[in-house]
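First up is the structure itself, then whatever we jot down about it.
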């Protein structure tokens, strides 16, 4: 049956051997004393929590869902207790500033933690999912009394936070927001408006909820330049109930354990966070971390779908395979893992999962370098890299996560369609990750239109140069470098030709992002191949692990190596006219 | 909000102008008196039933689901009444033999009927979904008293049927079935065993249920050659309850209005249908019609997802588009249908939907020609064509239907994840169509290993020759013919090289099927282009319809034209070694 086994071995391989993070920590004073062994212990404990506490609540939580009555929300059985265990374990503060009560560990380890949480129970993970972003937002913008009152409890996870952006008429386009904030004499604001799709807007996990709300001050300009960020707690400092109410929870395709709330702010008391009219910038501080975390959800879905599909394929026998491993005795029916179509599916899922893990951890390490590396130049290069990698990872990993789970479902045949097998829930839960925190189409526009074209692809060039250094010594280096070169070439054509057909970049954006993502995946595999070869040559134990890694690197090259060219060709084809649709 | 508008205009275009079916009927005595206008009236009435009776039950039926208590099943509110209206309207007997109480209309019209039923309410349509297959099975194999007792009521739909194949350990591999049938002195059999995933195994729509059961007679050979088909009614001719019981209904990802039953046959009384040990052949008579109908479900999902996505995109405004139609006034936010990523999604969905309709109707017409054409040679060629088209349509249309609905969901953004919008249900309902009636992987093996390779691709060659005749006069003819040539070439290489690497065809099967499907879609669009040009040149009215058709033909060529080459390249890449997965 369904289970989740934390992929600790592969995580260690990626962290230590592929991206060399533990060696890097030694050169970073912020991570003084942190070594590979300590990191491995942290992840082992995190894995235990995910597998033993969260995973058993995943299927039942989907069936129970959240219930709403008179403005209060009851989460599925076991959710509040699991959250208390999470807080007691100190997990919320893992990557927070020790000066604020945090443990000061790298984002990379926090990323691995959240990969495991999402894989084990995405619905539950929605509650603490915004916790770190809220911490960063308060850490950067809250001052004085506000900081003292809220930052420690947000850091520790004692109080959970929400991100109140969306309104019914304003999702991707935040410039249309109507929620208002009016100043009061005491320095607070009266916040009024309706928000939808607020994850954890109401819940029974924490005593208080800290809403971070985008609203418009009186007289503020229209559009996104007139938005301010306000902190609106469920309970006011004097203990009285603030006038913020949950009017309903949504009936969703998945993530049924997560309360998605319609919230009403009725002259609710709030305080400004950061500068007036600079709310979007403050919120984006949350958003960039949030987008990497959404990508990690996709990775978690891929991992848990893959490992369960593999076990199912080994256990279920149907029909004879056209070929059997040597020495395997003939039987009336072979395990379906021997059938070519299933082998191809499973190798694909594994190659995708492990390649995506390298990509996501590269980005997390870039965030750590950007925040904590002693060398200015390294910090600024890492920041630029993280900035470009974020939309790629958010979009690519959520798509591969959802479509990967959808493909994996087929391994169960008709049984995959049944709830108790577990996989259909992953398909449903994973779909929304392609939408929230900026749809994948918006990620593509963010990448190409806002981050690649404006500087003539200069920063993209730096990223591709960096990627090229990763493939040195690999048997796949030549192909990987050709990919990078082809990306450079199309980026240059896009920069030039946008002058005559300004819409081409928009039409090409999705395929451009995907081509870049696939090219980076190829680099990730080339790098993994080098690391595995090095380990084998070094005579390290665990040969089976490294041999399998090399087989997957080979599969990636043979079977998935055409994806970059395919998406580049699609981006080129998108030069063709794309008329407006006829009005019916 | 969600709705279903029967695509009657496009159906007429395909039936009359693209495949010229109404002209063909004139040459077929079986369809004496049937003309384009009569057919259009039949479809208009069918469309009314689908849109007005079934569509409103779709969302509520998903929420209500089926309930099981003490062996009885209650279907969602409104389902039984809708079924009575379906029977009263004479819809079950549409394409049945007039000698048996049928209306004798073409399979093509029955196909259009079922496309609409599935689009409006796939869950409900599961109940009558096997009706026509059961009719064919009884029509071919039931004799004497059995025929008299059951055929008329199955034809009229007064009693519904089930297809009892799957057992818990035997899904794709029916050779593993264990259900037994023991002869009794009176010529009946005692049937014992457990079946799962039986759609409509128990329901409250009809007074009796006619189970068609695959079982093994005592002493029968192992494997599929020892299977017999038995008719086991819920109520025996004397009115007593037969010992066949529904022990539970499954909790599924979708199709929640359809009761998927675990059935227990406890020395239940049944009668042999056809010859002993020839049960699979008798069942396959049901299966081929059933597979085309599953393809039609995919088409229905595509259609309903596409038309609702288009309306949503026209109604919702978010952000400014980089380009606007001339004369459209500037606004704070444009309808998202103007945004390039959405335009591309919608053109793709429309091109897929309408191309798939041509493909499915081509196959239905081939079934009609095979059954009713006066010319022997035409009948036999049509039969061979239907035989090859069936797995392609089952597999391609269900995949495009599910992935198309999944893509369409994105048009709603976060709202698409909410049940009341309707689209997330289509994503869930459509997934199983890729699995049941033979998984899509099995369709691919059926096509390449059982239908293409054994005769050295001779019949495939005939299909490709036929396809070539369809594209004459199109601006896309050159590319379409190149596709067909490339398919011939790879089929020839597969025939030859299978001798040295017998597993390559298995590794290549999915991409081979998909390449053939995409090549046929390109032909369908080339043919549609010719038909639209002819109508415009002929000065027919409705220019807007034909102009839009030409735009979609252009989009297909520009944006989707690379799909054949892509899948052929993947089939070639599948020459690479595909190792067994390491045992962990």
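Residue numbers (my numbering), protein chains in the order written: chain A, 62 to 645; chain B, 62 to 645.
The C-beta atom is built at its ideal place from N, Cα and C for all residues, glycine as well.
Cβ of residue 380(B) less than 7 Å from any chain A Cβ? Residue-level contact by beta carbon holds for residue 380(B) and chain A, with a gap shorter than 7 Å.
Taking the alpha carbon of residue 273(B) as the reference point, which residue from 76(B), 360(B), 197(B) has its own alpha carbon closest? The shortest C-alpha separation from residue 273(B) is found at 197(B).
Does the region 468-477 of chain A come close enough to the region 487-500 of chain B that 3 or more CB-CB pairs lie under 8 Å? Here the region 487-500 of chain B makes contact with the region 468-477 of chain A; the two share three or more CB pairs at distances below 8 Å.
With a cut-off of 7 Å, does the C-beta of residue 487(A) fall near any C-beta of chain B? So, not an interface residue.
By the 10 Å Cβ neighbour count, where 16 or more other Cβ atoms means buried, how is residue 601(A) classified, buried or exposed? Exposed, because fewer than 16 other Cβ atoms sit within 10 Å of the Cβ of residue 601(A).
Alpha-carbon to alpha-carbon, residue 510(A) and residue 640(A): The C-alpha of residue 510(A) is placed about 21 Å away from the C-alpha of residue 640(A).
Given that residue 97(B) touches chain A, what residues does it touch there, using C-beta distances under 9 Å? Scanning chain A for C-beta atoms nearer than 9 Å to the C-beta of residue 97(B) yields nothing, as the closest lies near 24 Å away.
Give the DSSP-derived three-state secondary structure of residue 285(B) in the structure shown. Helix, per DSSP.
Every unbroken alpha helix (DSSP H) inside the region 325-379 of chain A [4 residues or more]: Within the region 325-379 of chain A, the complete alpha helix (DSSP H) runs of at least 4 residues are 340-376.
Whole-angstrom distance between residue 135(A) and residue 326(A), CA atom to CA atom: The alpha-carbon of residue 326(A) is positioned some 21 Å away from that of residue 135(A).
According to the Cβ coordinates, are residue 227(A) and residue 157(A) closer than 7 Å? Using a Cβ distance threshold of 7 Å, residue 227(A) and residue 157(A) do not count as a contacting pair.
Exposed unless 16 or more other CB atoms sit within 10 angstroms - verdict on residue 320(B): Counting Cβ neighbours within 10 Å, residue 320(B) comes out buried, since at least 16 surround it.
Can you find a CB in chain B that lies within less than 7 Å of the CB of residue 312(A)? Under the 7 Å criterion on CB atoms, residue 312(A) is classed as interfacial with respect to chain B.
Say whether the region 452-459 of chain B touches the region 106-120 of chain B, bearing in mind that this needs 3 or more beta-carbon pairs closer than 8 Å, one atom from each stretch. Under the 8 Å Cβ criterion, the region 452-459 of chain B does not count as touching the region 106-120 of chain B, having fewer than three qualifying pairs.
Would you verify that the beta carbon of residue 509(A) is, or is not, closer than 7 Å to some beta carbon of chain B? Residue 509(A) does not count as touching chain B.
For chain B, find out if any of its Cβ atoms is closer than 7 Å to the Cβ of residue 287(A); answer yes or no. Judged by the 7 Å Cβ criterion, residue 287(A) is not in contact with chain B.
Is it true that the region 411-429 of chain A meets the region 385-392 of chain A, where meeting means three or more beta-carbon pairs spaced less than 8 Å apart? Contact between the region 411-429 of chain A and the region 385-392 of chain A is absent, because fewer than three Cβ pairs lie under 8 Å.
Figure out for me which residue from 250(A), 525(A), 637(A) has the closest Cα to the Cα of residue 616(B). 637(A) is the residue among 250(A), 525(A), 637(A) whose C-alpha sits nearest the C-alpha of residue 616(B).
When the Cα of residue 316(A) is compared with those of 239(A), 182(A), 87(A), which residue comes out closest? The alpha carbon of residue 316(A) has as its nearest neighbour, out of 239(A), 182(A), 87(A), the alpha carbon of 182(A).
The region 608-625 of chain B touching the region 592-600 of chain B, judged by at least three CB pairs closer than 8 Å: Yes: the two stretches touch, three or more of their Cβ pairs being nearer than 8 Å.
Using the C-alpha atoms, what's the distance from residue 271(B) back to residue 263(B)? Distance from the CA atom of residue 263(B) to the CA atom of residue 271(B), rounded to whole angstroms, is 10 Å.
Enumerate in chain order the residues of its own chain whose CB-to-CB distance from residue 705(B) is below 6 Å, with the five nearest sequence positions on each side excluded. For residue 705(B) there is no data in the structure shown, the boundaries of chain B being 62 and 645.
Is residue 384(A) helix, strand or coil when you go by DSSP? Looking at residue 384(A) - three-state DSSP - the assignment turns out to be coil, as it is neither helix nor strand.
Check distances from the C-beta atoms of the region 225-248 of chain A to those of chain B and list, in chain order, the residues that come in under 9 Å. Going along the region 225-248 of chain A in chain order, one finds 227, 229, 230, 231, 232, 233, 234, 236, 237 with a Cβ nearer than 9 Å to chain B.
Can you find a C-beta in chain B that's less than 7 Å from the C-beta of residue 640(A)? Answer yes: the Cβ-Cβ gap between residue 640(A) and chain B drops below 7 Å somewhere.
What does the alpha-carbon distance come out to for the pair residue 551(B) and residue 471(A)? The C-alpha of residue 471(A) is placed about 27 Å away from the C-alpha of residue 551(B).
Check whether the Cβ of residue 48(A) lies closer than 7 Å to any Cβ atom in chain B. Outside the modelled stretch of chain A, which goes from 62 to 645, sits residue 48(A), for which no answer is possible.
Please report whether the beta-carbon of residue 633(B) lies at a distance below 7 Å from any beta-carbon of chain A. When Cβ-Cβ separations below 7 Å define contact, residue 633(B) makes no contact with chain A.
Can you tell me the Cα-Cα spacing of residue 100(B) and residue 200(B), whole angstroms? Going by the C-alpha atoms only, they are around 25 Å apart.
CA nearest to the CA of residue 119(B), picked from 234(B), 605(B), 295(B), 318(B): Closest by alpha carbon: 318(B).
In angstroms with no decimal places, state the Cα-to-Cα distance between residue 627(B) and residue 576(B). Approximately 8 Å, taken between the alpha carbons.
Any C-beta of chain A within less than 9 Å: which residues of the region 65-89 of chain B qualify? Residues of the region 65-89 of chain B with a Cβ closer than 9 Å to any Cβ of chain A: none.
Work out the CA separation of residue 622(A) and residue 406(A) for me, nearest whole Å. Approximately 15 Å, taken between the alpha carbons.
Relative to the C-alpha of residue 240(B), which candidate in 80(B), 467(B), 288(B), 203(B) has its C-alpha closest? Relative to residue 240(B), the option among 80(B), 467(B), 288(B), 203(B) whose CA is nearest is 288(B).
Is it buried or exposed, residue 563(A), if we count other Cβ atoms within 10 angstroms and call 16 or more buried? By the 10 Å Cβ count, residue 563(A) comes out exposed.
Is it a yes or a no for the region 326-338 of chain A touching the region 299-309 of chain A, going by three-plus beta-carbon pairs under 8 Å? Contact holds: three or more Cβ-Cβ distances are below 8 Å.
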